[in-house]
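Its first residue numbered 1, the sequence shown is counted upward by one per residue in the working numbering.
Glycine included, every Cβ here is placed at the ideal spot set by N, Cα and C.
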Amino acid sequence: MAGPRIGVLGGTFNPVHLGHLLIAEEFRERLALDRVLFVPAAAPPHKGDRRLADPLHRYAMVALAVADHPAFAVSDLEFRRPGPSYSAVTLELLAGELSGSLLYFLMGSDTFLDLPAWRTPERLTTWATVAVAHRGGVSFDPASPAAAAVLARLGRPAWRRVPPEPWSAIPPGEVILVETASLPVSAREIRRRVAEGRSVRFLVPPAVADYIAAHHLYADPER
1 MAGPRIGVLG GTFNPVHLGH LLIAEEFRER LALDRVLFVP AAAPPHKGDR
51 RLADPLHRYA MVALAVADHP AFAVSDLEFR RPGPSYSAVT LELLAGELSG
101 SLLYFLMGSD TFLDLPAWRT PERLTTWATV AVAHRGGVSF DPASPAAAAV
151 LARLGRPAWR RVPPEPWSAI PPGEVILVET ASLPVSAREI RRRVAEGRSV
201 RFLVPPAVAD YIAAHHLYAD PER
């Protein structure tokens, strides 16, 4: 009998917003996931943003955002290990902690195209199925040379697609293109609005909006 199906959604979550929650829910439904684990990056190697909030604040905001969803949870894995938050290492450690589970590494198409800049991206499919959101209204051509180059880097000749394929027909370790809805929310836009003293209601969960205000996060304009 196969183990639980767990989606892994990493990111800086600076801050977590409704777009993150929607895409997690879309993946959960499309791939029949038992749980979606949000993994905030403690020390993201590719983010030089001066406005990156303290890791503990970002973790706390994710915990608040997912608290009311029975299938969502937050992991502190990247806070329990030293060094940069490399996704291949994180997945390997999660595979050990969640032995017997089927892991799905969830991402947007923009992140997928950035994978060649990551450390050892070819190891991702050793530990998980890579699931890429093909979001309505987002400019992304899965048949483009750029997408084909990333697939080749991951050691996969072609996409598997959900739909038309059922998730149950796709073996572990593949790269899946998943048709999803999208919500055009930007963390950068949220930070800008906070710095300008504008409301971020309906962009982030109410508890996250309250947390940002209470801790005076993102109050300074970005340079």
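DSSP has residue i in a bridge; who is on the other side?
i, result
"A73", "L37"
"L64", "Paired residue(s): none; L64 is not in a bridge."
"G108", "A133"
"L31", "Bridge partners of L31: none, in fact."
"L103", "I6"
According to DSSP, simplified to helix, strand and coil, what is residue i?
i, result
"V263", "Only positions 1 to 223 of the chain appear in the structure, and residue 263 is not among them; the question remains open."
"T12", "coil"
"G19", "helix"
"E179", "strand"
"F140", "coil"
"G7", "strand"
"L52", "coil"
"L154", "coil"
"L98", "coil"
"A43", "coil"
"E26", "helix"
"Y59", "helix"
"R123", "helix"
"S85", "coil"
"E165", "coil"
"E174", "coil"
Alpha helix (DSSP H) containing residue i: first to last residue?
i, result
"E189", "187–195"
"F79", "F79 -> no alpha helix (DSSP H), and no H or E assigned at all."
"R161", "Unbroken run through R161 is the beta strand (DSSP E), 160–162; no alpha helix (DSSP H)."
"P221", "P221 -> no alpha helix (DSSP H), and no H or E assigned at all."
"Y211", "206–214"
Over what stretch of residues does the beta strand (DSSP E) that includes residue i continue unbroken?
i, result
"H134", "129–135"
Pull up the CB-CB distance for residue i and residue j, whole angstroms please, since I reckon it's below 8 Å.
i, j, result
"L228", "A158", "The first residue shown for the chain is 1 and the last is 223, placing residue 228 beyond what the model contains."
"A133", "G108", "5 Å"
"R201", "A209", "6 Å"
"A41", "E78", "6 Å"
"L124", "F105", "6 Å"
Could you check whether the stretch 107–116 touches the stretch 32–41, counting it as contact only if at least three pairs of C-beta atoms, one from each stretch, sit closer than 8 Å? no
*Is the stretch 181–193 touching the stretch 13–24, taking contact as three or more C-beta pairs under 8 Å?*
yes
- Query: Between the stretch 171–180 and the stretch 127–144, do at least 3 Cβ pairs fall closer than 8 Å?
  - Reply: yes
Between the stretch 50–60 and the stretch 210–220, can you find at least three pairs of beta-carbon atoms closer than 8 Å? yes
### Message
With three or more C-beta pairs closer than 8 Å as the rule, is the stretch 89–100 touching the stretch 59–69?
### Response
no
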